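*Asks:* Here it is: the structure, laid out below.
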Amino acid sequence: MGSSVLCRAGILRGVSCMLLLLLLFCFGGKCEVQESKPSPPTNLQPVENEFNQPQAYPEEERTNLPMFTMDYPRIQIPFEITLWVLLASFAKIGFHIYHKITIWIPESCLLIAIGLIVGAIMHAVKEEPPAVLTSNVFFLYMLPLIVLDNGYFMPTRPFFENMGTVLWYAVVGTLWNSIGIGLSLFAICQFEVFGVQDINLQENLLFASIISAVDPVAALNVFEDIGVNEQIYIVIFGEGLYNDAVTVVLYNMFSFLADMPVVESTDVFLGVARFFIVAAGGILFGLLFGFVAAFTTRFTHNVRQIEPLFVFMYSYMAYLVAECFAISSVLAIITCAITMKHYVEENVSQRSCTTIRHVVKMLATVSETLIFFFLGVVTITTEHEWNWAYIVFTLLFAFIWRGLGILVLTQIINPFRTIQFTFKDQFSLAYGGLRGAICFALVFTLPDNINRKNLFVTASITVIIFTVFLQGISIRPIVEYMNIRKTNKDLNTINVEMMEHVVCGIEDLCGQWSHYYWKDKFKKFNDRVLRRILVRDNRAESSIVALYKRLELQNAIGLLDSPMGDLSAAPSIVSLYDKRKEASRPKRKFLAGDVRKMHDILSKNMYKIRQKTMAYTNKYNLPDDTRTKEILIRRHASIRRSLRAESFREPSAQNTFKSQKYYSLRPGGSLETAFELRRRSNGADVDLSARPQSSDVSPRSSSRSILPMRRLNTIKESGGAVEPPAVPPHPHTDQIDGDKDPHEPMQPPQLPPPPGGWVRENQNGEGNPLLRHPSQGSRGSVSF
Amino acid sequence: MGASQTRAEHQYQDLADKTGFSFEQIKNLYQRFQQLSGNEETISRANLDSMPALANNPIRKQIIGAFFDKRNQHQDEVGSCDQIGFEQFLMVMSHFRPPNLRTTDEEKEAMRKEKLRFLFNMHDSDNDGTITLAEYRKVVEELMSKSGEIGQETAKAIADAAMLEVASINVPNMGPEEFYEGITFEHFEEILKGLEMESRMHIRFLDVDTLTMRCGKSQS
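As you go down the protein sequences, you meet chains U and H in turn. For the first sequence, position 510 matches number 510 in the UniProt record's numbering, and the numbering has no gaps at all. For the second sequence, position 153 matches number 153 in the UniProt record's numbering, and the numbering has no gaps at all.
This is the structure in structure tokens:
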């Protein structure tokens, strides 16, 4: 009950904030009207106050220094833009106060609703919305941000596995929709009774191409929430992405054609040829810029602060250059982002990586929010032209052609797919085809020489609002009701990798190839050629190892960033527990417990990586960090425990504090330097005499402080030496030690094994010993 | 000529029924078989070993071994043979057929079991019905051997972790004194329950002759 009261109070607060801001904005707008001519008091120039009478040169007035001046027009434009963005962001905050709203009502709906309210207010005070949404602003500033976000966070593996299907739906589907809707509307226009006879075929086609731009954000959110299977997800995501490109191309083509009085067949032919040129050119430019960007980041290790800049500048450059040559800029920026992403993320520091992701998400969210918001405002304030027939038929045809399109296309492509789409899948694909931001922006920026522009604007606003509200809200219950095939995220990495190798091997034996073959081939090419050139630290690694390193890195950074409070939590209980456990523990310890934990991490991380790729595609959120946090907090607990257990000679508090100290990065330093520091300064602390093989690693090294990980040693990145060298070769390796993630916080801590290797651990029935006796000759620590 | 052709067709019909391939696919695979065996009647391990294409695959030994494993022949025999004929070749290949729209759910279930059994046999090299830790370790080591500088100990660690996971899933209440023997087939099935095996472990067997479609060396 208390929480609901709180919620209500929060909502009230949020609403009042928003109202305040609205009023501010309105007044700001008014001020603009009034103060069109700034006249600072100290104006010594001759001023012609009245045009009727001749004026003698005025005497110079003596004025004092003004205490307070206001010069609104100077800041007007940036001020209003910022105000709009702030207002939209406040709206977003408001939505999330009561989080259940966003589950049932997609964010786009809410944004449009707020926009409607603001528009109503503005209309009431007879205010005009700022004319910021021009064609240039949209195409040069807003669209690249949205598309960059899509491209950067696209899950590449499922995409490439389903590439044929995605492109099929995106390209052919959009064409089908555009032409179908265009022709049907043209047929409707022929009837005199509807009064729209003056719209010719080109304009109809133009309008149809705008309307068929699908923006399935809301559907994607729903799909992701209920965990629908990967195939549908990637198809609808890819379709939404690529049909932006197709739509823009069609839009340009048709608007060019709309200017021409007569269209000949050669024009159609040229149009088709142009389509291919545009697409291929876009991809080429994207690849070019992507590789250059990746190459550049290879050398940026000394200028970490501006690393994120390269990502943005190169992508934007790709976009602009493509725009300059009038080829598909959307494809260019998407390809650039995809190409650049993997290499860049390996070259840049972790912080730059985080920065890049955050900023991409932020910019895209702002852009999209603004567009929807603006949609709401414009709905009220613009002059509409309402034509029942045209609009109703547009809606009808939009639905019909989409449904038909999905049906027909799926029938054609299903035999080529190994996982076919069932009717349920097809229905959700068709139903998830909402229209959104791109559609609105394109229609709003139509050139004014289209004589029925207002009708088009009205019609598209209607379609957008209809689909977003109706379909957006109802898709969740419908999909849940239909019980679409879900995905299963818990995969056993090793077996999966094994299976893929098996399939590849058998294929080689058969002499036949399918997509695994290309994947293998590309991977080989990638490892041998591309990575050598583009990546700074080039070491080929298996996916499991890469996964592990990534997780470790994340944990390390999280540890660095975490507040002190976490670590100091619950010392007493744990230490008590430790003492008890210690006493009852037999001397021989089992290593496998750690290994299991490592594997838990592995599988959890696999889960997370999958989730990460999926979650990134949620336009309004960054990937969900709770899992890492979860692991991190557990790790904190285990670290404390282990520290306690290990260093019975020293007060553990000191241990933690000391280790805490050295966890901080020097400004501008990288992880390597930090570990160096830590290693050098943690002199001869904890004495783990029970660990003989730890002689080569300094006792108080970083790996030490994160006990009990010694057992799992470091991943050897250089040389095949099994013994860890005196200085751990790679900072990641140390951190991998630190990865002991117990299932529950109250599990007994790990003690180092005697130099016999594998021994049985006496756990509370959780762990399972694999061997009864120490295995032959293996060391206590395992090196990676 | 005519007689041998009908005999071949007859044979193919038999094989098609047993393995589920179409005629064209069988013909293609036969040509491939001829290529691999050097126009002999049977393939030996040496033939498969010498394939350069397989050289990069980390688990080639297991893959090759799978061909000579009698358990994959659906005849309830164990052990391995030294030479395999075309029929055995096809039987092994048939594990990788993809499902199509017409396969019923029971058939899909059966296919899945077959594929899982295939994978299981690859792990279980001593044919005793369970994958022990040693066997699993071996497999993982091989798997990891090609990917960078992973040491043996790592592979061991990963293998152990995997075994523990299997154990914890299947025998959740094992006491601290108990000893986990090894992964049985049921346990194996259990852990791979979520994997859509029937749709991922497949090869698109083509109906057209691929010998001419390949670029690069034709003998491999």
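Glycine residues also receive a C-beta, built at the ideal position from the N, C-alpha and C atoms. Since the model is a prediction, treat every value here as computed from it, not as a measurement.
1) Where do the N-terminal and C-terminal ends of the alpha helix (DSSP H) with methionine 67(U) fall, by residue?
2) Indicate whether at least one CB of chain U lies closer than 8 Å to the CB of isoleucine 63(H).
3) Return no unless some Cβ of chain U is closer than 8 Å to the Cβ of methionine 122(H).
4) Helix or strand or just coil, what does DSSP make of glutamine 420(U)?
5) Between the C-alpha atoms of glycine 129(H) and lysine 113(H), what's the straight-line distance to the nearest angstrom?
6) Taking the alpha-carbon positions, what's the phenylalanine 372(U) to asparagine 526(U) distance?
7) Could you tell me the boundaries of the alpha helix (DSSP H) in which isoleucine 104(U) lies?
8) Spell out whether any CB of chain H is found under 8 Å from the CB atom of leucine 707(U).
9) Just to confirm before moving on: does the CB-CB distance between glutamate 385(U) and threonine 445(U) stay below 8 Å?
10) Can you tell me which of Met93(H), Pro52(H), Thr42(H), Met51(H) puts its alpha carbon nearest to the alpha carbon of alanine 66(H)?
11) Using the beta-carbon count (16 or more within 10 Å), is asparagine 347(U) buried or exposed?
12) Hey, is the segment 158-177 of chain U in contact with the segment 139-149 of chain U, meaning 3+ C-beta pairs nearer than 8 Å?
13) Under 8 Å by Cβ, that's how I've got proline 155(U) and isoleucine 234(U) pegged, so tell me the actual separation to the nearest angstrom.
14) For lysine 18(H), does the three-state DSSP call read helix, strand or coil?
15) Three-state secondary structure (DSSP) at aspartate 71(U)?
16) Near tyrosine 169(U), what residues of its chain come up, given a Cβ to Cβ distance below 7 Å and the 5 sequence neighbours on each side ignored?
17) Excluding the 5 residues flanking isoleucine 199(U) on each side, which residues of the same chain have their C-beta closer than 7 Å to its C-beta?
18) Check whether the segment 387-395 of chain U and the segment 458-471 of chain U touch, using three or more Cβ-Cβ pairs below 8 Å as the test.
19) Would the beta-carbon of aspartate 69(H) fall within 8 Å of that of serine 44(H)?
20) Classify arginine 298(U) as helix, strand or coil using the three-state DSSP reduction.
21) On a CA-only basis, which of Ser108(U), Tyr98(U), Gly119(U) is nearest threonine 381(U)? Give me that one, please.
22) So for lysine 658(U), helix, strand or coil by DSSP?
23) Is serine 328(U) helix, strand or coil by DSSP?
24) What does isoleucine 43(H) pair with, by DSSP beta-bridge criteria?
25) In terms of alpha-carbon separation, which member of Ala187(U), Asn454(U), Ile333(U), Arg402(U) lies closest to proline 144(U)?
26) Have a look at glutamate 383(U) and arginine 532(U) and give me their C-alpha separation to the nearest angstrom.
27) Give a yes or no on contact between the segment 172-192 of chain U and the segment 343-363 of chain U, applying the rule of three or more CB pairs nearer than 8 Å.
28) Mapping the DSSP letters down to three states, classify isoleucine 406(U) as helix, strand or coil.
29) When you compare only the Cα positions, how much space is there between methionine 340(U) and isoleucine 210(U)?
30) Among His123(U), Val360(U), Phe90(U), Ile121(U), which one has its Cα closest to the Cα of glutamate 107(U)?
31) For threonine 104(H), does the count of other Cβ atoms within 10 angstroms reach 16, so buried, or fall short, so exposed?
32) With DSSP as the reference, label valine 125(U) as helix, strand or coil.
33) When the Cα atoms are used, what is the spatial distance from glutamate 41(H) to threonine 184(H)?
34) Just to check my reading of the structure: tyrosine 12(H) and phenylalanine 23(H) have Cβ atoms closer than 8 Å, yes? What is that Cβ distance to the nearest angstrom?
*Replies:* Result, derived from the coordinates:
1) Note, methionine 67(U): premise wrong, no alpha helix (DSSP H); not H, not E.
2) Interface annotation, isoleucine 63(H): in contact with chain U, CB-CB separation under 8 Å.
3) Judged by the 8 Å Cβ criterion, methionine 122(H) is in contact with chain U.
4) The answer is coil: DSSP assigns glutamine 420(U) none of H, G, I, E or B.
5) Across the structure, glycine 129(H) and lysine 113(H) are spaced so that their CA atoms are roughly 15 Å apart.
6) Taking the straight line from one Cα to the other gives about 41 Å.
7) As written in the sequence, residue 104(U) is tryptophan, which differs from the isoleucine given in the question. Where tryptophan 104(U) is concerned, the enclosing alpha helix (DSSP H) stretches over 100-104.
8) With a pLDDT of 34 at leucine 707(U), under the threshold of 50, the modelled position of this residue cannot be trusted; read the value that follows with caution. Not closer than 8 Å to any Cβ of chain H, the Cβ of leucine 707(U) fails to qualify, so no.
9) Going by C-beta atoms, glutamate 385(U) is not nearer than 8 Å to threonine 445(U).
10) Here the closest residue by C-alpha is Met93(H).
11) So asparagine 347(U) ends up on the buried side.
12) No, the segment 158-177 of chain U is not in contact with the segment 139-149 of chain U.
13) The C-beta separation of proline 155(U) from isoleucine 234(U) comes to about 7 Å, placing the pair in contact by the 8 Å criterion.
14) In the three-state reduction of the DSSP assignment, lysine 18(H) falls in the helix class, which pools H, G and I.
15) DSSP places aspartate 71(U) in coil when its eight states are reduced to three.
16) Listed in chain order, the non-local C-beta contacts of tyrosine 169(U) below 7 Å within the same chain comprise Val235, Glu239, Leu409, local neighbours out to five positions each way being set aside.
17) The residues are Cys189, Arg452.
18) Touching, yes.
19) Contact: no.
20) Correct three-state label for arginine 298(U): coil.
21) Ranking the options by Cα distance to threonine 381(U), first place goes to Gly119(U).
22) For lysine 658(U), the predicted model reports a pLDDT of 36, less than 50, meaning its position is unreliable; a value from the coordinates is still stated below. In the structure shown, lysine 658(U) sits in a helix (DSSP, three-state: H, G or I).
23) In the structure shown, serine 328(U) sits in coil (DSSP, three-state: anything other than H, G, I, E or B).
24) Within the DSSP secondary-structure output, isoleucine 43(H) pairs in a beta bridge with Ile84(H).
25) With respect to the C-alpha of proline 144(U), the residue from Ala187(U), Asn454(U), Ile333(U), Arg402(U) having the closest C-alpha is Ile333(U).
26) Straight through space, the alpha carbons of arginine 532(U) and glutamate 383(U) are spaced by roughly 59 Å.
27) The answer is no - the segment 343-363 of chain U does not touch the segment 172-192 of chain U, with fewer than three Cβ pairs under 8 Å.
28) Look at isoleucine 406(U) here: in three-state DSSP terms it is helix.
29) Their backbone Cα atoms lie some 30 Å apart in a straight line.
30) For glutamate 107(U), the closest of His123(U), Val360(U), Phe90(U), Ile121(U) by C-alpha to C-alpha distance is Phe90(U).
31) So threonine 104(H) counts as exposed.
32) The three-state reading of DSSP puts valine 125(U) in coil, since its state is none of H, G, I, E or B.
33) The C-alpha of glutamate 41(H) lies about 36 Å from the C-alpha of threonine 184(H).
34) Indeed they touch by this definition, with Cβ atoms about 6 Å apart.
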